[in-house]
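**Student:** So for the sequence shown, this note's numbering puts the first residue at 48; every next one is plus one. No residue lacks a Cβ here, since even glycine has one placed at the ideal position from N, Cα and C. If you're wondering where the values come from, they're calculated on a predicted model, not measured in any experiment. Before I ask anything, let me first share the structure, which is written out below as structure tokens.
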Amino acid sequence: MPVTIGIFINPGEIPPAKSGQEPRKNRSFEYDTLSGDYAKFVIEEMIPEVAKTYRLTEQREGRAISGASSGGICAWTAAWERPDYFHKVSSHIGSFTNIRGGHVYPALIRKTEPKPIRVHLQEGSNDLDNLHGNWPLSNQQMAAALKFAGYDYQFVMGDGAHNRKHSGAIFPDE
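Here is the structure:
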């Protein structure tokens, strides 16, 4: 594996409205929204900033994007919106549920010409099942849609929960 540079981005916070209050998290808006906004932010703002210090590849084949939970659907959305820029995407316990519309991706994948991206999905059978949806089922639906559409993909289902233990154990092997 060539030298790899990881760029890790935390979601924004909304300042507290009143003194003494905690800031509100902006994670759901930034990560679960189905749009090209996050990809644009990464490509136009973050990567140029890192490129001031490090030499980064200009080839899409050398780029990947990854995330866990809402970060997993965020990574998928970035690759889906900008396959010209991201060649590989890895989603761990991805939130392909109805937090902000992610449950529609399996249908979109089936109805859209395949995009030139390689996909890795990791999920655990003991993941969340709540008002937004069922994480194991939604990731199985994603895998089925990717298979149907002919994507180059890998789906790893384990018995993990909504944490990074399973993905952390298998990721070095993937």
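Taking buried to mean at least 16 other C-beta atoms within 10 Å of its own C-beta, is Q68 buried or exposed?
**Tutor:** For the purposes of this step, residue 68 is taken as the residue at position 21 of the sequence shown. Flag for Q68 reads exposed.
**Student:** To the nearest angstrom, report how far apart A34 and P153 are at their CA atoms.
**Tutor:** Since the first and last residues shown for the chain are 48 and 221, residue 34 lies out of range.
**Student:** Hey, out of N210, E108, A126, whose CA is closest to I140's CA?
**Tutor:** One-based indexing of the sequence shown puts residue 140 at position 93. Closest option to I140, Cα to Cα, is N210.
**Student:** Rounding to the nearest angstrom, what Cα-Cα distance links H150 and I94 in this structure?
**Tutor:** Your numbering for residue 150 matches position 103 in the sequence shown. Your numbering for residue 94 matches position 47 in the sequence shown. For H150 and I94, the distance between alpha carbons rounds to 29 angstroms.
**Student:** On the criterion of 16 or more Cβ atoms from any shown chain inside 10 Å, does Q169 qualify as buried, or is it exposed?
**Tutor:** Working through the sequence shown from its first residue, we reach residue 169 at position 122. Flag for Q169 reads buried.
**Student:** Report the rounded CA-to-CA distance for I120 versus W127, giving the unit in angstroms.
**Tutor:** As a working mapping, residue 120 is identified with position 73 in the sequence shown. As a working mapping, residue 127 is identified with position 80 in the sequence shown. In this model, I120 and W127 are separated by some 10 angstroms (Cα to Cα).
**Student:** According to the neighbour-count rule (16 or more other Cβ atoms, all chains shown, within 10 Å of its Cβ), is S137 buried or exposed?
**Tutor:** One-based indexing of the sequence shown puts residue 137 at position 90. Buried.
**Student:** For A192, which three-state DSSP category applies?
**Tutor:** The residue given as residue 192 occupies position 145 in the sequence shown. DSSP places A192 in helix when its eight states are reduced to three.
**Student:** Look at the Cβ atom of A122, then the Cβ atom of S113, and state whether they are nearer than 8 angstroms.
**Tutor:** Residue mapping note: residue 122 aligns to position 75 of the sequence shown, counting from 1. Residue mapping note: residue 113 aligns to position 66 of the sequence shown, counting from 1. With a cutoff of 8 angstroms on beta-carbon distance, A122 and S113 are scored as near each other.
**Student:** Tell me, which residues are paired with V203 by DSSP?
**Tutor:** Position 156 of the sequence shown, counted from the first residue, corresponds to residue 203. Partner(s): Q169.
**Student:** For Y85, decide whether its Cβ has a neighbour in chain D, counting only Cβ atoms nearer than 8 angstroms.
**Tutor:** In the structure shown, chain D does not exist; there is a single protein chain.
**Student:** Rounded to a whole number of angstroms, what is the C-alpha to C-alpha distance between P62 and R71?
**Tutor:** Here residue 62 corresponds to residue number 15 of the sequence shown, with the count starting at 1. Here residue 71 corresponds to residue number 24 of the sequence shown, with the count starting at 1. Their Cα atoms are separated by approximately 7 angstroms.
**Student:** Please give me, in chain order, every unbroken run of the beta strand (DSSP E) with length at least 3 that falls completely inside the stretch 55-128.
**Tutor:** 111-115
**Student:** Between which two residues does the alpha helix (DSSP H) containing S137 stretch?
**Tutor:** The count along the sequence shown starts at 1 and reaches residue 137 at position 90. Careful: S137 lies outside any alpha helix (DSSP H), inside the beta strand (DSSP E) at 135-139.
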